[in-house]
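Asks:
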Amino acid sequence: MDLTNIRELTRARKYRKRIGRGVGSGHGKTSCRGIKGCGSRSDGGARFMSEGGQMPLFRRLPKIGFSNVKFTHRFVVVNVGDLEDYFEKGDVVDAAQLRKKRLVSGSEQLPVKILGDGELTKSLTVKAGKFSKSAQTKIASAGGTCEVI
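Heads up: the sequence shown begins at 2 in our numbering, then just goes up one per residue.
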């Protein structure tokens, strides 16, 4: 290859539309804006979301429901039967101990709720954010105590 073979690359060029430069240009007089109306004015243009008299989209679509998701109280759940398997008699059970034994996973901001599934024979001191009634009766009948944090 030598410098005699180098040439400028040929490519299509798109020129900008020169508006308002006389009738002969094809874009004169009204400058491609039509005859009259708000679109032809300098400050013109339709309002945001205006559909020119047609029923607007947000009014054509149905309104759908309401969700209570952001008002719900969420808990990390542990059953009484799991406490029986992982703790000894007289232990103090709290969120830190449950995380250490890997009974609770997930966000540390969520409080722990103890549910009554399973049997409990050991007396434990359980500290949690919430207890179900069956869990409270099972812990109390085994000689333990429930403390709501």
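Yeah, the Cβ is synthetic: ideal placement off N, Cα and C, and Gly gets one too.
#1: Cutting at 8 angstroms between CB atoms, please list the residues of its own chain near G145, excluding the five before and the five after it.
#2: Where do the ends of the alpha helix (DSSP H) carrying T126 lie?
#3: By alpha-carbon positions, which one of N80, S68 and H28 ends up nearest to S1?
#4: Please look up how many angstroms separate the CB atoms of H28 and I20, rounded, as I've assumed it's under 8 angstroms.
#5: Please identify the residue among C33, A97, N6 and R8 whose C-alpha is closest to the C-alpha of K18.
#6: Among F67, A97 and R8, which one has its Cα closest to the Cα of G130?
#7: What does the alpha-carbon distance come out to for the pair G53 and G40?
#8: Can you confirm whether the stretch 62-81 touches the stretch 107-120 when touching is taken to mean that 3 or more C-beta pairs between the two stretches lie within less than 8 angstroms?
#9: Please state whether DSSP places E1 in a helix, a strand or coil.
#10: Can you round the beta-carbon distance between E148 and G119 to whole angstroms, since I take them to be within the 8 angstroms contact cut?
Replies: The answer reads as follows:
#1: L121, K123, S124, L125, T126 and V127
#2: Careful: T126 lies outside any alpha helix (DSSP H), inside the beta strand (DSSP E) at T126 to A129.
#3: In the structure displayed, the chain extends from 2 to 150; residue 1 sits before or after that span and is not available.
#4: 5 angstroms
#5: C33
#6: A97
#7: 12 angstroms
#8: yes
#9: Missing from the structure shown is residue 1; the chain here goes from 2 to 150 and no further.
#10: Going by Cβ atoms, the distance from E148 to G119 rounds to 20 angstroms, so no, they are not a contact pair.
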